[in-house]
Amino acid sequence: MRYIAGFCLVLFQFLPVSSLSGQDSAFYTDSKIIYDVCFSPNGEIIAIADKHSVKIYDFDERKLVNEFKGGHTDHVMAVEISGDSTMLVSGSKDGIVVVWDLISGDILTTFNNHNGIVTSISISSDSRYMSSGATDNVVILYDLSNLSVIEEFRAHEDDVMVVNFSPDGKMLASGGGDSNIYMYDVIDREIITKLKDHTDWVRDLAFDPDTAFLTSVGDDGIYFWSIADRDNMFKRRKTDNPGHWKTSISYMGQSRTYVISTIRGIIYVITPHSVSTKDLEIPVNKVINRPVKSIFFTIVAATRGKGVVVIPGKEFN
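Going by the working numbering, the sequence shown opens with residue 486, and the numbers climb by one from there.
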């Protein structure tokens, strides 16, 4: 079973794209295969994982303002900007986690604690803690105030695909190839519980803005979890729709409104009252919503063949 699951990961992340048809990237990148993107909290800049570097663009002007080089020797797989906009953290196929000064682009420190590909990075909302997950099955918790490792969690039995802090920063969640989700207490540095209803790979997960719910996506569907009571976390419901492998999920600033991407390139914006779609016709690695206060939304997708694609809300059907 582990071999089959690992084979699926390789297919999803590392095979070359044979065709680059379709619309061009909204931002110049050296590669048309982009594994991750993230916004600054105010939505003014976007960070793009591009080969061995991270490109920083002014989003509205589409202007390159910096490029972080020299920290990695292989493709960058994960990027995250801190809530106070002072740091950017990147993780790579080389197994290294790099903490950068977001303004100067200087390297503040590097961590070489993983023995596998770093697949996910998350920073707590108060910019105090950071976490990384990797294909060595390990979740690491860091203290960014003194740039140190404070805990390593080894509960997963297969590749860790995602780590994510709750909006209040008190909990951390991880999911991966063993089909399990683990919930951690950040302060006490211990596992709260294991959510084990998934039957296949967990690709991504996201907390509802009020931290009462968690939504996870993977190869077997979308799962909705109630997590308000730490002593009684449970699956509320599951849906197989939309179909195909789900590759990422991101909440859009309000409860029960989120965007989901799939391996076939269809992006879904789901609200309590509607579902709208956009077909990019190319696999999507990551999809996020621009965090600005507006009645209109803008979705950004990191794709396997079209670089970074920007989709205004009006283009969704």
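A virtual CB, placed ideally from N, CA and C, is assigned to each residue, including glycine.
Per DSSP, the unbroken beta strand (DSSP E) holding D764 starts and ends at V760 to D764. Counting only residues of its own chain and dropping the five nearest sequence neighbours on each side, P652 has a CB closer than 7 Å to the CB of S610, F692, P694 and T696.
A residue is called buried once 16 or more other Cβ atoms fall within 10 Å of its Cβ, and F719, having fewer, is exposed.
With distances taken between CA atoms, A786 lies nearest to P768 out of P768, N802, V777 and K778. Nearest neighbour of N598 by Cα position, chosen from I625, D535 and S612, turns out to be I625.
The beta-bridge partner set that DSSP reports for P797 consists of T783. Residue burial annotation: D704 is buried, with at least 16 other C-beta atoms found within 10 angstroms of its C-beta.
With contacts defined as CB atoms closer than 8 Å, A563 and G555 fail to qualify as a contacting pair. Secondary structure in the stretch 543-590: the beta strand (DSSP E) runs of 3 residues or longer, each lying completely within the stretch, are 548-553, 561-566, 572-577 and 582-586 in chain order. Nearest Cα to T594 within the set V574, Y520 and Y743: V574.
Around the beta carbon of E637, a 10 Å sphere encloses fewer than 16 other beta carbons of the protein chains shown; the residue is thus reported as exposed. Counting every other CB atom within 10 Å of its CB across the protein chains shown gives S740 a total below 16, marking it as exposed. Per DSSP, reduced to three states, the secondary structure at A713 is coil, with no helix or strand assignment. In the structure shown, the three-state DSSP call for G654 is coil.
In the three-state reduction of the DSSP assignment, S616 falls in the strand class, which pools E and B. The closest CA to that of G568, considering only N527, F698 and Y627, is found on N527. L632 sits in coil when the DSSP states are folded into three classes, being neither helix nor strand. Proximity to D621 across K578, F650 and D591 peaks at K578, based on C-alpha coordinates. In the DSSP assignment, R688 falls within the beta strand (DSSP E) that extends over V687 to F692. Around the Cβ of H641, a 10 Å sphere holds 16 or more other Cβ atoms; the residue is buried. F719 carries a strand assignment under DSSP once its states are collapsed to helix, strand and coil. Bridge pairing for L699: F692 and W710 [DSSP]. Here D521 is buried. Its C-beta has 16 or more other C-beta atoms within 10 Å. Here N665 is not near L690, since their CB atoms are 8 Å or more apart.
Inclusion of K763 and I748 in the CB contact set at 8 Å is not warranted, their separation being larger than that value. Residue pairing from DSSP places N774 in a beta bridge opposite I784. By the neighbour-count criterion, in which 16 or more other beta carbons inside 10 Å mark a residue as buried, L587 falls on the buried side.
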